[in-house]
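K.L.:
So that you can map any letter, position 9 of the sequence shown is 9 in the working numbering, and since no number is skipped, the others follow by simple counting.
Glycine included, each C-beta is placed from N, C-alpha and C at the ideal position.
The structure's right below; bear with me while I get my questions together.
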Amino acid sequence: MNETNEVIEVARVFKNLGADEAKAQVMASQIIKRAERIAKEKESSKVDELRKLLEIAVLGAQGLLKPSDQALLHPKKPPNA
């Protein structure tokens, strides 16, 4: 996928979350660049890093945390506590 199509596809996610076209394009471009940097640092796949970042963005737009982050904020109490 070329860079322009990639931005358009990712921008669609942000538009579905309520961003206007211009803001969605900016956010898409930024999150793609961030995914590229993380992938380079971790020697991982840009697609995997982009998926993770988009998951965080979507959950954040809904006012939610990832389940792993939720567990850190609210650890389960032992049954006898």
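(1) I'd like the ranges of any alpha helix (DSSP H) spanning at least 4 consecutive residues and lying wholly in the region 3-55.
(2) Using a threshold of 8 Å, state whether the C-beta atoms of residue 55 and residue 66 are closer than that.
(3) Please classify residue 63: does DSSP put it in a helix, a strand, or coil?
(4) Take the Cβ of residue 64 as the centre, count every other Cβ of all protein chains shown within 10 Å, and call the residue buried at 16 or more, exposed below.
(5) Could you tell me the alpha carbon to alpha carbon distance between residue 25 and residue 7, rounded to whole angstroms?
(6) When the Cα atoms are used, what is the spatial distance from residue 35 to residue 11?
P.N.:
Reading off the structure:
(1) 3-16, 21-42
(2) yes
(3) coil
(4) exposed
(5) 7 Å
(6) 14 Å
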